[in-house]
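Asker: For reference, the structure I am asking about is given below.
There are 2 protein chains.
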Amino acid sequence: MAKRASFGRGRPINKVLRLHGSIARDLGIAIVSGRYQPGDLLTGEVASSEKLEVSRTAYREAVRILAAKGLVESKPKVGTKISPRSKWNLLDPDVLAWTFANEPDLDLLQSLFELRDIVEAAAAAMAAKRRTPEHLEAMRDAIDRMARFTLATEAGRLGDQDFHRWLLEASGNPYIISLTTGVQAAVNTTTMFKQRERPLPRDPVPDHIAVFEAVAAGDPDRAHSEMSTLVHLALQDTPLPRARAKRSAG
Amino acid sequence: MAKRASFGRGRPINKVLRLHGSIARDLGIAIVSGRYQPGDLLTGEVASSEKLEVSRTAYREAVRILAAKGLVESKPKVGTKISPRSKWNLLDPDVLAWTFANEPDLDLLQSLFELRDIVEAAAAAMAAKRRTPEHLEAMRDAIDRMARFTLATEAGRLGDQDFHRWLLEASGNPYIISLTTGVQAAVNTTTMFKQRERPLPRDPVPDHIAVFEAVAAGDPDRAHSEMSTLVHLALQDTPLPRARAKRSAG
DNA sequence: ACAGCCAAATTCCTCAGACAAATGTTCTAC
DNA sequence: GTAGAACATTTGTCTGAGGAATTTGGCTGT
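Here is the structure:
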């Protein structure tokens, strides 16, 4: 039998999960997808670990992960309870990935792009004011690779990611960097394999160049609006779950 | 006597931490404050748990919490390594609290307010377009309480928080809500006890009313700019580390 | 009948020790 | 010199036990 590691094509997007990680992922998906409702109690540690056929240690570490992301809360004598949605760390990279793991909620996806629009456009404007020559050089090189290899190749996608990474770096705000990279990672991994089949509907290079030139020119307003259009185009190119009416969870 | 209607929730700012939670907090503070550097290896589980005089179970659960927030990464035969800053979930509420637990870094605080400015102003603009009469009623009531009791009292501060909470609610974007409430909670808890002694330097009610009226009028642009000034005023009123008084001291 | 205190039951929390799995390192064969 | 095997080390998982915290119910005094 061949190894099942056939996924790992050099990129560390698929990190091998330990047992506690798998349990946390499964439970996390069950929670964010609504199979457990806020206020519900998970069955006790002993019962849960027995049902999953794992040790209490592994199960407890999984619960600890979920608690760290605000999804659950454990107290003696009461049990482990699903927290209200207002306490969830919705922007945690794992929570984002779990949220969009299966059938992405259309409203949620739109809200996410709304946030991306706001934050990334602002980041571009800040980058226009703070970028150094080194930043510009790295961004130019990234666009070069993107144009040379196209997004159909690994190298091309890497150029795309590098462009955005350097743009964020140029914004100089670590919180914006942390927020955006996490969101982008989740969006990429969840939408990438979907648009694997069909060719990209549009050439993204000119739009990136427009952002770059605005940043290079030190024009915050233009950088803002150009990045905003870039995000809107990304939303348009995102394959939406049009199968909503057809498929039903079985 | 009717029960307390508004948000029912008291203030959970002081949550009792279990052993693993305390260890995670201590280690987390040590990491975000730079006492451990990215790339550093923590001493092995057995040695660490012995030095802390706790069981390996408790220590491992603490590490699991830190790993869930992106601060560390564990691999067999290698150990538990401090992750590069780019992987930290800087906007995780706990990480934020740990970051500003002791001596808040001035640059980081400024970056945080920069993000608040961007996101909360956008949220106010969205709220101006999407608010319902119920939202407006709740916000009006919150401002009322804020004006009646002043921010020197618990009830007044609750009104302030309720105002912002309802404004975010009116924005209708769960990601913006999650982001902002987490940031606000961290900023509040870290700056609140500092400005307890001195009286507030300025009456915040008129500024809040300005935001409210713009939202009520359905004017996104005005709501945007009024909220922006509100955030800037909040930054001005934030007691900064007085060590900056003499800038070029040494 | 009711408020406040006390005891009991339940659940998570912590501990200790052992073995298994994974991974980096070293050694060996060719 | 390189590829593969053996080894050592560290985290990962399991098991069993007891302790700690919190809710629940009952008891007591008024």
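Those sequence lines, one after another, are chains A and B.
With the numbering used here applied, the first sequence covers 1 to 250.
With the numbering used here applied, the second sequence covers 251 to 500.
In this text, a Cβ means the ideal position worked out from N, Cα and C, and glycines have one as well.
1) Please check if any C-beta of chain A sits within less than 8 Å of the C-beta of residue 267 (chain B).
2) Please check if any C-beta of chain B sits within less than 8 Å of the C-beta of residue 102 (chain A).
3) On the three-state DSSP scale, how would you describe residue 361 (chain B)?
4) Using the Cα positions of residue 182 (chain A) and residue 331 (chain B), report the straight-line distance between them to the nearest angstrom.
5) Against residue 48 (chain A), what residues of chain B qualify as contacts under a CB-to-CB distance less than 8 Å, listed in chain order?
6) From what residue to what residue does the beta strand (DSSP E) around residue 73 (chain A) run?
7) Check residue 51 (chain A) in the structure and name its three-state DSSP category.
8) Should residue 481 (chain B) be labelled buried (16 or more other beta-carbon atoms within 10 Å of its own) or exposed?
9) Are the beta-carbon atoms of residue 73 (chain A) and residue 60 (chain A) separated by less than 8 Å?
10) Straight-line CA distance for residue 280 (chain B) to residue 455 (chain B)?
11) What distance in whole Å lies between the Cβ atoms of residue 100 (chain A) and residue 190 (chain A), which are believed to be in contact at a cut-off of 8 Å?
12) Within 10 angstroms of the Cβ of residue 434 (chain B), are there 16 or more other Cβ atoms? Answer buried if so, exposed if not.
13) Where does residue 171 (chain A) land, buried or exposed, given buried means 16+ other C-beta within 10 angstroms?
14) Going residue by residue through the segment 335 to 395 of chain B, where are the continuous alpha helix (DSSP H) segments of at least 4 residues, counting only ones entirely within it?
15) For residue 325 (chain B), does the count of other Cβ atoms within 10 angstroms reach 16, so buried, or fall short, so exposed?
16) Opposite residue 79 (chain A) in the DSSP bridges: which residues?
17) Kindly say whether residue 430 (chain B), judged by its beta-carbon, lies nearer than 8 Å to any beta-carbon of chain A.
18) On the CB-based measure, 16 or more other CB atoms within 10 Å of its CB, does residue 247 (chain A) come out buried or exposed?
19) Tell me, please, whether the CB atom of residue 424 (chain B) is closer than 8 Å to any CB atom in chain A?
20) Starting from residue 479 (chain B), trace the alpha helix (DSSP H) both ways and give me its first and last residue.
21) Distance cutoff 8 Å, beta carbons only. Does residue 270 (chain B) sit that close to anything in chain A?
22) Grab the span of the alpha helix (DSSP H) containing residue 278 (chain B) for me, first residue to last.
23) Does any residue of chain B have a CB that is nearer than 8 Å to the CB of residue 234 (chain A)?
24) For residue 284 (chain B) and residue 17 (chain A), what's the separation of their Cα atoms in angstroms?
Answerer: Result, derived from the coordinates:
1) no
2) no
3) helix
4) 20 Å
5) The premise fails here: residue 48 (chain A) is roughly 16 Å from chain B at the closest Cβ pair, so nothing lies under 8 Å.
6) 72 to 75
7) Note: residue 51 (chain A) maps to helix in three-state DSSP.
8) Residue 481 (chain B) is buried by the Cβ-count criterion.
9) no
10) 39 Å
11) 4 Å
12) buried
13) buried
14) With a minimum length of 4 residues, the continuous alpha helix (DSSP H) runs that stay inside the segment 335 to 395 of chain B are 343 to 349 and 356 to 380.
15) exposed
16) A:75
17) no
18) At residue 247 (chain A) the pLDDT is 40, less than 50, meaning the model places this residue with poor confidence and gives no usable figure here.
19) yes
20) It spans 470 to 487 - the alpha helix (DSSP H) in which residue 479 (chain B) sits, taken as one unbroken run.
21) yes
22) 269 to 282
23) no
24) 28 Å
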